[in-house]
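Asker:
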Amino acid sequence: MAFLWVVASLALASAVSGCGVPAISPSIAYSERIVNGQNAVPGSWPWQVSLQTTSGSHFCGGSLINENWVVTAAHCNFNPRSHVVVLGEYNLASSAEAVQVKTAITNPGWNSKTMNNDITLLRLSTPAKLGSRVSTICLAPANLVLPSNARAVTTGWGRTNPNSQALATALQQVTLPLIPQNKCMQYWGNRITNAMLCAGGAGATSCQGDSGGPLVYQTGNGWTLIGIVSWGSSDCNINTPAIYTRVSQFRNWIDTTVAQG
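Our numbering numbers the first residue of the sequence shown as 118 and each following residue consecutively.
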């Protein structure tokens, strides 16, 4: 019953705020095996952003949470002086508009040795122009409880072949099972904390270049950001769960930081 209440409240959140509802519907196959992902429908993940150098090289993903703010991973080491946010991107070879970042605010608990609390907020210098290909994602509430058999979708331009350094040109998507904490610890031991979420290990995974990007969960026709691509096996092993920053753990910090401007 509690889970039904949470799902209902997530659906209500997207209906009220307009977040998490793409104007262009994604095409999801919950059986597909982005290592082992597939090309996304252009514009169907409108909150996905590309973090790039000023010369146009993609290095991380991120998610637009309102017209002024993007959330990404702390380990992306975003520098407002030498990096930009690109909104509405699908093909990295295109020339989508780059937006400057005013400030990057990393969670004070971030630990680069343990990868714990891997989350940074980026305050855009100018508000994003929202439209069919640029819109916001709903944030997981602080009390979010997900069902044990839940599946989620991650997106990004990261390496699609663990044996190649080449990034994907078109935005990739893959559906992943969420892995319970105790099962995840069978792979990763006590490196796993309450600030982390595990997904994958079932023939697909995120890889280098996907870092900072979204892990989203569907309720009705709306989507909620539950994870941020953080870390995993160095060889992008498709049979080992990857680790995501657990957004619900940081909801209060996000809300407070955004409210302070």
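Think of the CB as a built atom: it goes at the ideal place given N, C-alpha and C, for glycine as much as any other residue.
Only a predicted model underlies this, so the values are computations on that prediction, with no experimental measurement involved.
Using a 10 Å radius around the Cβ and a threshold of 16 neighbouring Cβ atoms, would you call residue 276 buried or exposed?
Answerer: For this step, residue 276 is matched to residue 159 along the sequence shown. Label assigned to residue 276: buried.
Asker: Run through the segment 225-293 for me and flag every whole beta strand (DSSP E) of 3 or more residues, listed as ranges in chain order.
Answerer: Positions of the beta strand (DSSP E) runs, each at least 3 residues long and wholly inside the segment 225-293, are given as 237-241 and 268-273 in order along the chain.
Asker: Need the endpoints of the alpha helix (DSSP H) that residue 301 sits in, please.
Answerer: The sequence position of residue 301 within the sequence shown is 184, counting from 1. Counting along the chain, the alpha helix (DSSP H) containing residue 301 begins and ends at 298-305.
Asker: Just the C-alpha distance for residue 144 and residue 158, rounded to the nearest angstrom, thanks.
Answerer: Locating residue 144 in the sequence shown gives position 27, where the first residue counts as 1. Locating residue 158 in the sequence shown gives position 41, where the first residue counts as 1. Near 7 Å, if we compare the C-alpha coordinates of residue 158 and residue 144.
Asker: Since residue 273 and residue 346 are thought to touch, with beta carbons under 8 Å apart, how far apart are those beta carbons, to the nearest angstrom?
Answerer: The residue you call residue 273 lines up with position 156 of the sequence shown. The residue you call residue 346 lines up with position 229 of the sequence shown. Yes, they are in contact, since the Cβ atoms of residue 273 and residue 346 sit about 7 Å apart, within 8 Å.
Asker: List the DSSP bridge partners of residue 363.
Answerer: Residue 363 sits at position 246 when you count from the first residue of the sequence shown. BP columns for residue 363 point to 344.
Asker: If we count Cβ pairs, one from each stretch, closer than 8 Å, do we get three or more for the segment 262-269 versus the segment 170-186?
Answerer: no
Asker: Could you please give the first and the last residue of the uninterrupted beta strand (DSSP E) stretch that includes residue 316?
Answerer: Within the sequence shown, numbered from 1, the residue matching residue 316 stands at position 199. Start and end: 313-317.
Asker: Do you know how far the Cα of residue 366 is from the Cα of residue 311?
Answerer: Reading the sequence shown from its first residue, position 194 is the one you call residue 311. Reading the sequence shown from its first residue, position 249 is the one you call residue 366. Each residue's Cα considered, the two are about 8 Å apart.
Asker: Less than 8 Å between the C-beta atoms of residue 164 and residue 142, yes or no?
Answerer: For this step, residue 164 is matched to residue 47 along the sequence shown. For this step, residue 142 is matched to residue 25 along the sequence shown. Contact: no.
Asker: Run through the DSSP bridge pairs and tell me what residue 202 is partnered with.
Answerer: Numbered from 1 along the sequence shown, position 85 holds the residue referred to as residue 202. Its beta-bridge partners are 168 and 216.
Asker: How about residue 203 and residue 243: do their beta carbons lie closer than 8 Å?
Answerer: As a position in the sequence shown, residue 203 is number 86, starting the count at 1. As a position in the sequence shown, residue 243 is number 126, starting the count at 1. Contact flag unset, no.
Asker: If you reduce the DSSP assignment to three classes, tell me which class residue 369 lands in.
Answerer: The residue given as residue 369 occupies position 252 in the sequence shown. Helix.
Asker: I need the DSSP call for residue 358, collapsed to helix, strand or coil.
Answerer: Position 241 of the sequence shown holds residue 358. The three-state reading of DSSP puts residue 358 in strand, counting E and B together.
Asker: State yes or no: is the C-beta of residue 316 within less than 8 Å of the C-beta of residue 293?
Answerer: Numbered from its first residue, the sequence shown carries residue 316 at position 199. Numbered from its first residue, the sequence shown carries residue 293 at position 176. Yes.
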